[in-house]
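For reference, the structure discussed in these notes is given below.
What follows is the structure, encoded as structure tokens:
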């Protein structure tokens, strides 16, 4: 186990950094609540790639780096959500604002797997969100976007947080924060998710 003395700190003047992405070049990228992506250079310098819309309404939480250099941002608004695409000049456009005909609630995370599929998590349908900060509420869900479009791939989750597909592309792992567990789903070729019994729970007072 690492000791606190072995930890190093990087980046400065960040606002609620979440979902850190590390690249081969040594650059780090993280969501920044000021409305964009914070870029941390290998030498420790930090700058903000902010959106240039008229009002600072966007609250990025999860981010994903796309092959063309743009970012997908999960919008964790107070009442609304969605995923938006940000380019290197600060231009912002909607990427996904509804699924199955329903507007996305405040959106926690967005990620891209090695096959190019996009995975999005919504922690809860409760409003305000803090009403779901308990183990007996399980209304979070996962959205998948592929060549067939966007659809809800799994639901009934206990405050869905980040999710990731394993390198083999056979399973998806997701943190259920207030259910205090990390759950595993079997991932079929067509994108269907099937929950397995392999769940890692944490002790009371700890959250995944």
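In the numbering used here, the protein residues as written are 934 to 1141.
Think of the CB as a built atom: it goes at the ideal place given N, C-alpha and C, for glycine as much as any other residue.
Bear in mind the structure is a predicted one, so any value in this text is a computation, not a measurement.
**Study point:** Every unbroken beta strand (DSSP E) inside the segment 957 to 1000 [3 residues or more]
**Key:** 961 to 965, 969 to 973, 979 to 983 and 993 to 998
Check your understanding: In terms of residues, what are the limits of the beta strand (DSSP E) holding residue 1034?
Key -> Stepping through the chain shown from its first residue, residue 1034 is reached at position 101. Careful: residue 1034 lies outside any beta strand (DSSP E) and carries neither H nor E.
**Study point:** Cβ-Cβ separation, residue 1057 to residue 1065 (assumed contact under 8 Å), whole Å
**Key:** For the purposes of this step, residue 1065 is identified with residue 132 of the chain shown, where counting begins at 1. For the purposes of this step, residue 1057 is identified with residue 124 of the chain shown, where counting begins at 1. That belief holds up - the Cβ atoms of residue 1065 and residue 1057 are roughly 4 Å apart, short of 8 Å.
Exercise for review: Determine the closest residue to residue 1060 out of 1074, 1051, 1013 and 1045, with distance taken between C-alpha atoms.
Suggested key: Position 127 of the chain shown, counting from 1, holds the residue named residue 1060. That would be 1013, whose Cα lies nearest to the Cα of residue 1060.
Check your understanding: So what does DSSP say about residue 1079, is it helix, strand or coil?
Key -> Against the chain shown, residue 1079 aligns to sequence position 146. In the structure shown, residue 1079 sits in a strand (DSSP, three-state: E or B).
Check your understanding: For residue 1059, which three-state DSSP category applies?
Key -> Taking the first residue of the chain shown as position 1, residue 1059 is located at position 126. Residue 1059: coil per DSSP, three-state reduction.
Exercise for review: Tell me whether residue 1065 sits in a helix, a strand or coil according to DSSP, three-state version.
Suggested key: As a working mapping, residue 1065 is identified with position 132 in the chain shown. Helix at residue 1065.
**Study point:** The beta strand (DSSP E) enclosing residue 1016, as first and last residue numbers
**Key:** Looking up residue 1016 in the chain shown gives position 83. Unbroken beta strand (DSSP E) run through residue 1016: 1016 to 1019.
Check your understanding: In chain order, what residues of the same chain lie with their CB nearer than 8 Å to the CB of residue 1021, ignoring the 5 residues before and after it?
Key -> For the purposes of this step, residue 1021 is taken as the residue at position 88 of the chain shown. Taken in chain order, the residues that qualify are 982, 1002 and 1003.
**Study point:** One or two residues paired with residue 955 in a DSSP bridge
**Key:** If you number the chain shown from 1, residue 955 lands on position 22. According to DSSP, which records beta bridges pairwise, residue 955 is partnered with 961.
Check your understanding: Is the distance from the Cβ of residue 1112 to the Cβ of residue 1092 below 9 Å?
Key -> Position 179 of the chain shown, counting from 1, holds the residue named residue 1112. Position 159 of the chain shown, counting from 1, holds the residue named residue 1092. In contact: residue 1112 and residue 1092 (Cβ atoms closer than 9 Å).
Check your understanding: In whole angstroms, what is the alpha-carbon distance linking residue 1005 and residue 955?
Key -> Position 72 of the chain shown, counted from the first residue, corresponds to residue 1005. Position 22 of the chain shown, counted from the first residue, corresponds to residue 955. If you take the alpha carbons of residue 1005 and residue 955, they lie about 15 Å apart.
Check your understanding: Under the DSSP definition of a beta bridge, which residues are partnered with residue 1043?
Key -> If you number the chain shown from 1, residue 1043 lands on position 110. DSSP output for residue 1043 lists 1053 as bridge partner(s).
Point to revise | Counted within 10 angstroms of its Cβ, other Cβ atoms place residue 1039 as buried (16 or more) or exposed | key: Within the chain shown, the letter at position 106 stands for residue 1039. So residue 1039 counts as buried.
Review point. Should residue 979 and residue 945 be called a contact, given that it needs their Cβ atoms to be closer than 9 Å?
Key: Within the chain shown, residue 979 is the residue found at index 46, counting from 1. Within the chain shown, residue 945 is the residue found at index 12, counting from 1. With a cutoff of 9 Å on beta-carbon distance, residue 979 and residue 945 are scored as near each other.
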